[in-house]
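One line per chain: the protein sequences are L, F and R, in this order.
If you count the first sequence from 1, position 3 lands on 3 in this note's numbering, and the numbers rise without skipping.
If you count the second sequence from 1, position 160 lands on 1160 in this note's numbering, and the numbers rise without skipping.
If you count the third sequence from 1, position 1 lands on 2001 in this note's numbering, and the numbers rise without skipping.
Just so you know, even glycine gets a beta-carbon here, dropped at the ideal spot from N, CA and C.
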Amino acid sequence: MSDVVLLAKNVTMRFGGLTALNDFNLELKPRELVGLIGPNGAGKTTAFNALSGVYAPTEGTVSVGGEVVNGRRPNEISRLGLARTFQNIRLFKKLSVLDNVRLACHAKGKSELWQALLLTAEHERREAEMEKRAFELLDFMELSGRADEEAASLPYGMQRRLEIVRALATGPKVLCLDEPAAGMNATETAALMKLIHAIREKFGVAVLLIEHDMRLVMGISERLVVLDHGVTIAQGKPEAVRKDPKVIEAYLGVEEGHAPLDPEKA
Amino acid sequence: MRLVRALLPFAVGLPALWAIQAAAPPQLAIILVTAGVNVILAVSLNMVNGFTGQFSLGHAGFMAVGAYTAAKITLAMGEAPANWSPWLWNNGAFTLALLGGMLTAALAGLAVGIPSLRLRGDYLAIVTLGFNEIIRVFIENMRWLGGATGISGLPPYTSVVWVGLGALATVVVARRIVGSTHGRALLSVREDEVAAEAMGVDTVACKVHAFVLSAAFAGLGGGLLVHYILLVTPKSFTFVKSIEVVVMVVLGGMGSISGATLAALVLTFALELMRGLDQYRMVMYSLLLVVLMLSRPTGIFGTKEIWELLGPKRKKAAA
Amino acid sequence: MSEFLQHLVNGVSVGTIYALIALGYTMVYGVLKLINFAHGDVYMVGAFAAFYIANALGVGDSPTLGKTLLVFTGSMAVCAGLGYAIERLAYRPLRERPRLTSLITAIGVSFLLEYGFQLAPFESITSMEFPPGPTPRFFPELFPRTVWLQIGEVAISNIDVLSLLVAIALMIGLEFIVYRTKFGTAMRAVSFDPQTAALMGIPVDRVISITFALGSALAAAAAVLVAISRPRIDPLMGMMPGLKAFVAAVFGGIGNVPGAMVGGIVLGLAEEFVAGYGVSSFRDAIAFAILIAVLLIRPQGLFGRQSVEKV
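In structure tokens form, the structure reads like this:
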């Protein structure tokens, strides 16, 4: 099963009486680029949180790189190869751009505390390696010119890119991007989508991309999963999904007289 | 070669401290010792309250643990046997005592830290304050620790050199940690815990490490202090003392090592200058705290080091 | 048996005081999510306000019911004003800032009151001896203590009964305000979500101000009740009761009015019984032990609800 990097099986998330995500299934192969779409409030971010360990799934199993991670903490899941960004950017605001990225490199090549205290050769070498790697990533995203600035001082679009760099720095097998294009204009969005594609090619990661605007991901996704009210209403090739009446209904609303989708029965 | 570089601050510091000790008149020496202990306390508390963004109000509790341990050890070691050099024996005993104090304080930090670090912000503050008081009440009830009156007649081991080395060690450790992955992990916990976890940072471990390390140095400060005033009593370690240290950290800027150091020095000297106005001391402290929070809540230097604010920015790396 | 009864009486009597102070903590935490560290010192100010008013009225020479009432209401009014002023000057400007900033400010205000009151009196400025200075003062007798009920060796005094009745009356009054009045609804709305409450046209600032004033007045009432039965008052008298009342509030579920009452009584009883039957010198550590246990086992307290953090 090593050819599946991320697997969600019958994942359900309940908060009190509310079922935010119902029987969610997902299988991501290496280098695959999958879009997770759905209208606002469909449960996309909940799915992300269940996958990345922010929440422990109420039911079902999540595995990353073939290892079941139910109930594991996000930091352990990150080390197994799942990295994510956040819908409402969560950078380390007061740290420099470089430190934001360097921090995420720490999973690889962290030296022991005593080495840091005695400034051993190994410690210095590792720090230098980390810095080098951070700059490589920043270069790729055209951010290295700003490496010494405070993360919070970057313009919005760059902050989004920096979050992606930071996620990449953890050396993931799967990159989960939560609405990376939110708040961007059409040109910026198009550039970002191209960039995401390029990231996949260069780093060989699988990408799971959340987006509520379906058109944005059509072009680059190989596969789409559509959520509505916590329920997976469709999945498959973008062209097929686009024509699916259920998806059209979910996005355009239901006309009078049609039975609305009932998340409990679906 | 590397070891030389690692120990460079001490190699430079030691002769300087000897010179200061030789030159300083006794009145100044008292102030210097107090200032040095305050630097140790402020910089070590900063590891928790500044770098990691947690809020401990229990620093004096760890001081107490270190102070009592060190006092017990030096008293047990006693005077140098006839065939020993007294200088060697005394300094050896003191080194052992201080290390012992740091160790027990660190253990206390671990014992307090593991359960309470699940809590956040203001709750953590109150719980650490609670532990501070529990430690104090516990000591007051221990007859072998001298109860409420404490233990007097400690040997006068603490000198300007000792305190100076302690302060230097604290600052060097803090600096090197912040410059390493470990330090960046602590900072990330302060900045955004959820994001830090998503980046693979074990936030719980980070907090515990910061807490233990901070407690160890509080223990060092405690051990040094009581071997100067030659008396160890629970009254020196109430949460009022903890809050005094918090004021220094807050004043200097939470997360700034140089800020905390400077604040500790300035406050010690300022308070010494108004010695006659003893009753206004705590009033000044509290007013300072309120005014500072209202006008510059990040502290005078914020999270930055002094030179970062003074000097020009480091050259931008080539793209 | 009589010893048990005596501890029970003492525990309830201390507990009602904790409960009254805890209400202030809980109300303020409810609307501001702030541990008002200075609350215990507002309680101390309440005792001194009552002390100065009582002396000005000459209560010591000729106690009357009218004067007693004046002492109560006067002290409550002074503290309501103080609470209002603290919120206005120290907390309101920081409301949008991180919560720890407010907490540090609260600690500052607390120490300012404690040590400000310990300063020597500025006799040249006021004819009153204010600030009172560090030496304890003795609160004048508002009315003579009599035994109200005797069960075996257990004596319940009129002061015990009065304390309990006043405390209960005030709690019922508060419960009424919080759950049966328009202001109470506004207060609960602010506590639930200040932004939305503001959008609904609730004057959030005013609600918070009044909450502080109310909580502080309750602390003053507690202080007068304590001063009547234990007349020694000093500027540091609010420190421990303040912290313990906070523990009571956390125990009951912070932000929860009945919880604060139950928490206060439970803490009072726990202290009294542990001190009575165990080691009395550990008395001050009990509250903190309870606090730590509660926060680790059930951090939301007895009646509180757990909240899920949104990511």
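6 Å CB neighbourhood of residue i in its chain, flanking five on each side removed
i, result
"L:M218", "P238"
"R:Q2006", "V2154"
"R:G2030", "S2191, G2255"
Closer than 8 Å to chain R by CB, residue i
i, result
"F:L1287", "yes"
"F:M1199", "no"
"F:K1313", "For F:K1313, the predicted model reports a pLDDT of 49, less than 50, meaning its position is unreliable; a value from the coordinates is still stated below. No, no contact with chain R."
"F:M1282", "yes"
"F:P1115", "yes"
"F:G1130", "yes"
"F:P1015", "no"
"F:L1098", "no"
"F:P1009", "no"
Residue-level contact to chain F via CB, residue i, 8 Å cutoff
i, result
"L:K9", "no"
"R:I2035", "yes"
"R:S2216", "no"
"L:T19", "no"
"R:T2064", "no"
"R:D2234", "no"
"L:A259", "Because the pLDDT of L:A259 is 43, which lies under 50, any placement of that residue in the model is unreliable, and the number read from its coordinates should be weighed accordingly. No, no contact with chain F."
"R:D2160", "no"
"R:P2093", "yes"
"R:Q2300", "no"
"R:A2213", "no"
"R:G2030", "no"
"R:L2295", "yes"
"L:N75", "yes"
"R:A2285", "yes"
"L:K94", "yes"
"R:S2280", "no"
Short Cβ contact (8 Å threshold) for residue i with residue j
i, j, result
"F:V978", "F:A1011", "In the structure as shown, chain F begins at 1001 and stops at 1319. Residue 978 of chain F is therefore absent and cannot be evaluated."
"F:T1069", "F:G1050", "no"
"L:L119", "F:R1176", "yes"
"F:I1306", "F:L1262", "yes"
"R:F2288", "F:G1109", "no"
"F:L1294", "R:P2093", "yes"
"L:S111", "L:E129", "no"
"L:L162", "L:V247", "no"
"F:V1232", "F:A1106", "no"
"L:P180", "L:V205", "no"
"F:L1045", "F:V1246", "yes"
"R:L2243", "R:E2114", "no"
Neighbour flag for residue i against chain L, beta carbons, 8 Å
i, result
"F:L1273", "no"
"F:A1215", "no"
"F:E1191", "yes"
"F:G1180", "Contrary to the premise, residue 1180 of chain F reads as Ser rather than Gly in this sequence. So, interface residue."
"F:S1188", "yes"
"F:D1202", "yes"
"F:A1106", "no"
Alpha helix (DSSP H) segment containing residue i, residue limits
i, result
"F:E1098", "The question names Glu, yet the displayed sequence has Leu at residue 1098 of chain F. Here the alpha helix (DSSP H) through F:L1098 covers 1086-1116."
"F:C1206", "1203-1229"
"L:E76", "74-79"
"R:V2109", "2099-2116"
"R:G2276", "2257-2277"
"L:T189", "186-203"
The ligand GTP heavy atom lying under 7 Å from the CB of residue i
i, result
"F:H1182", "Among the components of this structure there are no ligands whatsoever, and the ligand GTP is therefore not found."
Cβ neighbours of residue i in the same chain (closer than 8 Å, five flanking residues each side left out)
i, result
"R:P2258", "E2175, G2252, F2303"
"R:T2146", "S2157, N2158"
"L:T12", "T19, L21, N22, D23, F24, P57, T58, E59, G60"
Close Cβ partners of residue i (< 7 Å) along its chain, the five nearest in sequence each way excluded
i, result
"L:A56", "N70, G71"
"R:L2170", "L2020, L2218, A2221"
"L:R160", "I89, P180"
N- and C-terminal bounds of the beta strand (DSSP E) containing residue i
i, result
"L:Q235", "231-236"
"L:N10", "6-15"
Contacts that residue i makes with chain A (C-beta to C-beta distance below 9 Å)
i, result
"F:V1194", "The chain labelled as chain A is not found among the protein chains of the depicted structure, namely L, F and R."
(request) Please go through the stretch 2059-2089 of chain R and give each complete alpha helix (DSSP H) segment of 4 or more residues, from N-terminal end onward. (result) 2065-2086
(request) Can you check the stretch 2131-2213 of chain R for any alpha helix (DSSP H) of at least 4 residues that lies completely inside it and give the ranges in chain order? (result) Counting only runs of 4 or more, we get 2158-2180, 2182-2192, 2194-2199.
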